[in-house]
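Everything on this sheet refers to the single structure shown next.
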Amino acid sequence: MSSPRCPRCGSSLDPVSAGSTQGNCSACDSMMVAAGASEISLLTRSDSGEPRLESRLVLSPEFRTAYRLERVLGQGAMGTVFLALHLSTGQIRAVKVLTRPDKTTLARFFAEGKVLAGVSHPNVLKVYDVGEIGGHPYLATEYLEGGTLRQRLAGGHRLDLAEIVRVMTDCLNGLEACHERGIVHRDFKPENILFAAGGEARLADLGIARIRDAAQHLTCTGSLVGTPRYMSPEQARGEVATAASDIYAVGVVLYELLTRWSGGRPATILHGERAGLAEGRRRRTSCVHFGVDPGHRALGSSDR
């Protein structure tokens with residue numbers, strides 16, 4: 246039996262594991278999904294960044310009628326993102342398949358997903374569909390090729406003041422649209438800010454933090470879930486995230502963009518937030534004479 250070929254470059258694919266329906270293309274560095282695949286490998290990333298097999302999922306006939314998975318876009322702590330063709334419309338979409346939560350969290354995820362699917366805003370990534378594959382939730386969203394804010398920063402691109410204002414205004418507009426519908430992001434950070442072809446910023450991964458909350462991942466400081474660098478004081482104390490928590494995270498991202506602050510160790514950050522030491526961040530921002538510091542002081546306040 247001949248080995249499957251990469252549809253992007255025609256090279257032979259190396260299977261991820263025995264009997265896998267996904268294969269690595271060493272020629273173009275893609276992980277493709279075999280044509281007509283009836284099951285997939287759900288991959289996540291370990292704390293060290295290495296991909297690992299979480300589980301193997303059988304795709305239901307209903308899912309295969311709706312979508313054709315084509316290749317893996319990436320893996321994260323919570324699951325795998327696939328590039329997919331929506332068969333009835335011909336649209337290219339991103340399908341994120343997540344690790345399995347408990348039944349209560351799954352029900353909440355679906356309820357929130359329905360609300361998200363009803364959000365139509367130029368600064369919020371469009372959610373087309375939410376569903377379940379073998380107990381694992383998935384979201385189908387629009388696919389954007391503009392990358393993330395984190396990728397831009399990692400590539401050495403420093404935003405000028407006009408770009409910073411535009412990006413953060415887009416983000417605030419998107420958050421406002423979600424907050425009006427009772428949706429809290431819970432994990433606002435540069436990795437979750439995507440860019441459309443026209444350059445506008447769009448918020449991604451709304452609602453996924455609810456699944457992460459249920460996973461009970463531990464940080465080095467205790468039973469806390471989230472991204473420590475952008476975590477609000479109330480989240481660091483283990484309290485429920487609110488719209489104010491999102492606004493705090495906006496302030497941290499704004500600070501990062503203005504000062505090119507790269508953060509510290511998670512334990513240090515969390516200790517500082519628990520002790521009410523956000524003032525240190527505000528003092529450092531005083532050297533940025535852009536005329537936006539007063540607003541940033543309000544965003545970064547621990548008693549918003």
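Here this note's numbering is used: the first residue of the sequence shown is 246, the next is one more, and so on.
C-beta atoms are modelled at their ideal positions from N, C-alpha and C, and glycine is treated no differently.
This one's a predicted model, so the numbers in the text were calculated from it and none came from an experiment.
Item                                                                                                                    : Value
Exposure of proline 539, with buried meaning 16 or more beta-carbon neighbours within 10 Å                              : With a pLDDT of 44 at proline 539, under the threshold of 50, the modelled position of that residue is not reliable, and no figure is offered here.
Where threonine 414 falls, given that 16 or more other Cβ within 10 Å makes a residue buried                            : exposed
Top-ranked residue by Cα proximity to valine 278, from Ala329, Gln320, Ala311 and Leu439                                : Ala329
The stretch 300-316 / the stretch 367-386 touching (three or more Cβ pairs under 8 Å)                                   : yes
DSSP-derived helix/strand/coil call for tyrosine 187                                                                    : As displayed, the chain neither begins before 246 nor continues past 549, which places residue 187 out of reach and without an answer.
Segment limits, beta strand (DSSP E) that includes glutamate 393                                                        : Glutamate is not the amino acid found at residue 393; the sequence shown has threonine there. It is not in any beta strand (DSSP E) - threonine 393 carries neither H nor E in the DSSP assignment.
Reduced DSSP category for aspartate 417 - H, G, I as helix; E, B as strand; rest coil                                   : Looking at the sequence shown, residue 417 is not aspartate but leucine. Looking at leucine 417 - three-state DSSP - the assignment turns out to be helix.
Residue environment, leucine 463, which counts as buried when at least 16 other CB atoms sit within 10 Å                : Legend: pLDDT at leucine 463 = 34, less than 50; position of this residue unreliable, no value from coordinates given.
Assigned secondary structure, proline 382 (DSSP; H/G/I helix, E/B strand, else coil)                                    : strand
Proximity winner among Asn368, Asp347, Tyr373 and Thr350, relative to lysine 359 (alpha-carbon distances)               : Tyr373
Own chain partners of arginine 309 with C-beta closer than 8 Å, once the 5 adjacent residues on each side are dropped   : Ser283
Alanine 494 vs phenylalanine 433 beta-carbon contact at 8 Å                                                             : yes
Own chain, CB closer than 8 Å to glycine 427, minus 5 neighbours either side, in chain order                            : Val360
Nearest-angstrom beta carbon gap, glutamine 320 and leucine 288 [assumed within contact, 8 Å]                           : 4 Å
Coil, strand or helix - arginine 526 by DSSP                                                                            : Confidence is the limiting factor: at arginine 526 the pLDDT is only 49, short of 50, which leaves the residue's position unreliable and the question unanswerable from this model.
Sub-8 Å separation of arginine 316 and phenylalanine 327 beta-carbons                                                   : yes
Burial state of glutamate 295, where buried means 16 or more other Cβ atoms lie within 10 Å                             : exposed
With 16 other Cβ atoms within 10 Å as the buried cut-off, status of serine 286                                          : buried
DSSP bridge partner residues for aspartate 374 (one or two, in chain order)                                             : Ala385
Contact check, glycine 363 vs valine 342, beta carbons under 8 Å                                                        : no
Leucine 370 classed as buried or exposed, judged by whether at least 16 other C-beta atoms fall within 10 angstroms     : buried
N- and C-terminal bounds of the beta strand (DSSP E) containing arginine 447                                            : 446-448
Reference cysteine 416; option with closest CA among Gly496, Asn368, Asp292 and Ala407                                  : Asn368
Close-in-space but distant-in-sequence residues of the same chain around leucine 314 (CB under 6 Å, 5 per side omitted) : Val278, Phe327 and Ala329
Beta-carbon proximity of tyrosine 388 to arginine 353, cut-off 8 Å                                                      : no
With 16 other Cβ atoms within 10 Å as the buried cut-off, status of aspartate 450                                       : buried
Glutamate 425 to alanine 488 span [Cα, whole Å]                                                                         : 10 Å
C-beta atoms of proline 435 and leucine 398 nearer than 8 Å                                                             : yes
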